[in-house]
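In full-length UniProt numbering, the protein residues as written are 1 to 509.
Glycine included, each C-beta is placed from N, C-alpha and C at the ideal position.
As the structure is a prediction and not an experimental result, all values here were calculated from the model.
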Amino acid sequence: MWVILGYCLAFAVVNVGLIWRIAVRPGVSTRRRMFALVVDNLAGIVTITVGGEPMLPVYSVMLSMTVGYGMRYGRNYLLLATGFALASLCLIIQLTPFLREHPAVAVMMILTMLVLPSFVYFLLSRLHIALNETQAANEAKSRFLAQASHDLRQPIHSISLFTACLRDASLGTDERRLVDNIDRALSAVEQLFRSLLDIYTLNQGEVNPRLETVDVDALLSGLAGQNSEAANWAGVEIRVRPCRQHIHSDPALLRTLLQNLMSNAFKYAPGKPVLMACRQRAGKLSIGVYDMGRGIPATHLPHLCNEFYRVREERDQDIEGVGLGLSIVNRVATLLKLHVGINSRLEKGTAVVLSGLPIVNALQAAPTPDIDWNKHLLGGLRVLLIEDNYNVLQATAMLLRKWGCDVQTAPATPEASVDCDLVVTDFDLDRSATGADCIRYLSELHGRRIPAIVITGHAIQHVQQSLNDPQIPVLSKPVRPAELRSLLLSFKMDLLQTATPDRASLAGP
1 MWVILGYCLA
11 FAVVNVGLIW
21 RIAVRPGVST
31 RRRMFALVVD
41 NLAGIVTITV
51 GGEPMLPVYS
61 VMLSMTVGYG
71 MRYGRNYLLL
81 ATGFALASLC
91 LIIQLTPFLR
101 EHPAVAVMMI
111 LTMLVLPSFV
121 YFLLSRLHIA
131 LNETQAANEA
141 KSRFLAQASH
151 DLRQPIHSIS
161 LFTACLRDAS
171 LGTDERRLVD
181 NIDRALSAVE
191 QLFRSLLDIY
201 TLNQGEVNPR
211 LETVDVDALL
221 SGLAGQNSEA
231 ANWAGVEIRV
241 RPCRQHIHSD
251 PALLRTLLQN
261 LMSNAFKYAP
271 GKPVLMACRQ
281 RAGKLSIGVY
291 DMGRGIPATH
301 LPHLCNEFYR
311 VREERDQDIE
321 GVGLGLSIVN
331 RVATLLKLHV
341 GINSRLEKGT
351 AVVLSGLPIV
361 NALQAAPTPD
371 IDWNKHLLGG
381 LRVLLIEDNY
391 NVLQATAMLL
401 RKWGCDVQTA
411 PATPEASVDC
421 DLVVTDFDLD
431 RSATGADCIR
441 YLSELHGRRI
451 PAIVITGHAI
461 QHVQQSLNDP
471 QIPVLSKPVR
481 PAELRSLLLS
491 FKMDLLQTAT
501 PDRASLAGP
């Protein structure tokens, strides 16, 4: 008995060392798994051969250990573990007098070691096939949704630009109300497409955070401005509590998180104020979106982040959406290593808080010139617009000209040099070139870097990787006119700072 205890102690020391090694260097290691497999089988051999007949029940531990390797690591490890177990069992039979005297018991042990792992191997194979079929079906569904989203984005994108042109025209009260209704319907469809494309991108594993220093106050103020029209439609007052902190995060992904939370607040708390506020704790920042809506019953809270889950109660009015908003929030927050906290009280409201944002010290920003944008707007900005879809090309050109831009259009990459301040191009031009190819070609043609904006109906992360230039902003279709105009204004401001005398027309009349 003391001999067995000594062996057990030795194997325990080895196992503790193995666990320590895993803690120090986590991850998949084939060598480590092989070492553990050998140690486990040696422990079984020593225990049964030294202990004799009383220790034969340890065989059940060896059997479960063999099956466990297959369940944890897959079918190949199951075959390997079964081979090791059979070899160990043969050695045990040779070294154990009881098993030599009772060959029927030995044969039954060998058969059991063959039959049970074989059955488990069969089940794992069926499971593997089912998982592959499910994965293929999900990928096909995601590709279909992404392609359908892309194809439908083009007409919706052009309609939104045409309505923006109508809004700037001299319309009567009734006509302006009709344009507002069209805009509202387009906004709902746009949000749906953005959600579908976000889910597709996340499912494909194509989202990689690009961390940089983010001005929280500018981020929240920008979101409030972009959502002012949607808030007006919902009768919501957006309140932003000033925050003079800077954080280290991905601004695009963080904007996606907060945009989904704002959209939910507009839908489920119409006519009530919505607050965006921050709280600092232990060197981390939390950003919360608080509404004063009807609240969410406690039974729904654990399921809110499930895909396509919607809170529906009897006699609820029909609210647009498919239940993807909080699922996207949860998955993107996981990528950014943030925690999503949801608190809600019936008839009091709901608070969704993103916590864990690291606070950083920001360099002092350079002072921006005092430019009267209401006076100058985009007058004098020379834009080369490249778009292969005729309707989108005409709608975008019309809108840019209404804003005061000098616009030249092209359905594909122009062969000759075009004098311009900025290129606005679609990413998918034709089969021979992309927007990235077009920008590179024009830069080589001009002998300098050409400022550019890329518009796409595909995943922004994929387009950013193709461009490989963080200074080129990427907008997702359908583009909000206010978002495009804001970006054009920032480009014009940069050009004004470096304008030469021959470009004095940039300053406007």
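Query: DSSP puts Met-276 in a beta bridge; with which residues?; Result: Val-240 and Val-289
Query: Give me the Cβ distance between Cys-438 and Thr-456, rounded to the nearest whole Å; I'm assuming they're in contact under 8 Å.; Result: Wrong, their Cβ atoms sit about 13 Å apart, outside the cutoff.
Query: Under 8 Å Cβ to Cβ from Lys-284, same chain only, skipping five residues before and after it: list those, please.; Result: Ser-355, Gly-356, Leu-357, Pro-358 and Ile-359
Query: Given this structure, state the Cα-to-Cα distance separating Leu-488 from Gly-404, to the nearest angstrom.; Result: 11 Å
Query: When DSSP labels each residue in this structure, what does Ser-125 get in the three-state scheme?; Result: helix
Query: Taking the CB atoms as reference points, tell me whether Val-105 and Leu-114 lie closer together than 8 Å.; Result: no
Query: Taking the straight line between their C-alpha atoms, what separation do you get for Ile-371 and Asn-343?; Result: Low local confidence applies: a pLDDT of 43 at Ile-371 is under 50, so the model's placement there is unreliable, and no value is given.
Query: Three Cβ pairs or more, each shorter than 8 Å: is that satisfied between the segment 14–23 and the segment 61–68?; Result: no
Query: If we count Cβ pairs, one from each stretch, closer than 8 Å, do we get three or more for the segment 29–42 versus the segment 66–86?; Result: yes
Query: Over the uninterrupted alpha helix (DSSP H) stretch that includes Ser-29, give me the two end residues.; Result: Element bounds for Ser-29: n/a, residue is neither H nor E.
Query: Skipping 5 residues on each side, what residues in its chain have a beta carbon closer than 6 Å to that of Leu-346?; Result: Gly-295
Query: By a C-beta neighbour count over all protein chains shown, 10 Å radius and 16 as the cutoff for buried, is Ala-265 buried or exposed?; Result: buried
Query: For Leu-219, is the classification buried or exposed, using 16 other Cβ atoms within 10 angstroms of its Cβ as the cut-off for buried?; Result: buried
Query: DSSP on Pro-297, reduced to helix/strand/coil?; Result: coil
Query: Classify His-446: buried if its beta carbon has 16 or more other beta carbons within 10 angstroms, exposed otherwise.; Result: exposed
Query: Can Pro-270 and Ala-224 be called in contact, C-beta distance under 8 Å?; Result: no
Query: Using a Cβ-Cβ cut-off of 6 Å (strictly less than) and excluding sequence neighbours within five positions of Ser-118, which residues of its own chain qualify?; Result: none
Query: Ser-327 to Asp-419, Cα distance in whole Å?; Result: 46 Å
Query: How far does the alpha helix (DSSP H) with Glu-53 in it extend, from its first residue to its last?; Result: It is not in any alpha helix (DSSP H) - Glu-53 carries neither H nor E in the DSSP assignment.
Query: Please report how far the alpha carbon of Leu-275 lies from the alpha carbon of Asp-291, in whole angstroms.; Result: 6 Å
Query: Could you tell me the distance, in whole angstroms, from the CA atom of Glu-229 to the CA atom of Glu-237?; Result: 11 Å
Query: For Arg-315 and Ser-187, what's the separation of their Cα atoms in angstroms?; Result: Any reading at Arg-315 must be qualified, since the residue scores a pLDDT of 44, below 50, and its modelled position is unreliable; no value is offered.
Query: Can you name the start and end residues of the alpha helix (DSSP H) that His-462 belongs to?; Result: 460–467
Query: Along the chain, where does the alpha helix (DSSP H) containing Ala-252 start, and where does it finish?; Result: 251–268
Query: Using only the alpha-carbon positions, how far apart do Leu-171 and Ile-182 sit?; Result: 14 Å
Query: Express the C-alpha separation of Gly-222 and Arg-33 in angstroms, rounding to a whole number.; Result: 52 Å
Query: Determine the direct distance from the alpha carbon of Ser-249 to that of Ile-110, and round the result to whole angstroms.; Result: 58 Å
Query: Thinking just about the alpha-carbon of each residue, which of Cys-278, Arg-244 and Arg-331 is nearest to the one in Asn-260?; Result: Arg-331
Query: Would you mind stating whether Leu-124 and Gly-70 have Cβ atoms separated by less than 8 Å?; Result: yes
Query: Could you round the C-beta distance between His-157 and Val-392 to whole angstroms and report it? I think they count as a contact, below 8 Å.; Result: 6 Å
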